[in-house]
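As numbered in my numbering, residues -1 to 63 make up the sequence shown, in order.
We put the beta carbon where it would ideally sit given N, CA and C, even for glycine.
Predicted model, so just to flag it, every value in this text is computed and none were measured.
Have a look at the structure below before the remarks.
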Amino acid sequence: MATKYKIATTLLVIGIMSFVSFELIGSEVDENGFINEPFALLPIGFIFICLSMVLFIVFALIKKK
């Protein structure tokens, strides 16, 4: 596998791991009624997955030329 595909695959794995981490950590409501959850993992996961999809598409288009 070429290095460029390794980069895109790594970004995809990091994105999936952030969603899995969000589910494993879970959410809870404290005694004051505030929700405690690792919300930052959701946009990070979406960013990494979208970036990896863009890279896969770009690398596929470059390979065809």
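Work out the CA separation of residue j and residue i for me, nearest whole Å.
{"i": "Ile42", "j": "Glu26", "result": "21 Å"}
{"i": "Thr8", "j": "Phe54", "result": "12 Å"}
{"i": "Asp28", "j": "Ser50", "result": "36 Å"}
{"i": "Leu39", "j": "Thr1", "result": "26 Å"}
Exposed or buried, what is residue i when buried is set at 16 or more other beta-carbons lying within 10 Å of its beta-carbon?
{"i": "Gly13", "result": "buried"}
At what residues does the alpha helix (DSSP H) containing residue i begin and finish?
{"i": "Ala38", "result": "Where Ala38 is concerned, there is no enclosing alpha helix (DSSP H), given that its DSSP letter is neither H nor E."}
{"i": "Gly13", "result": "Thr1 to Ile23"}
Check whether the Cβ atoms of residue i and residue j lie closer than 8 Å to each other.
{"i": "Phe57", "j": "Tyr3", "result": "yes"}
{"i": "Ser16", "j": "Phe46", "result": "yes"}
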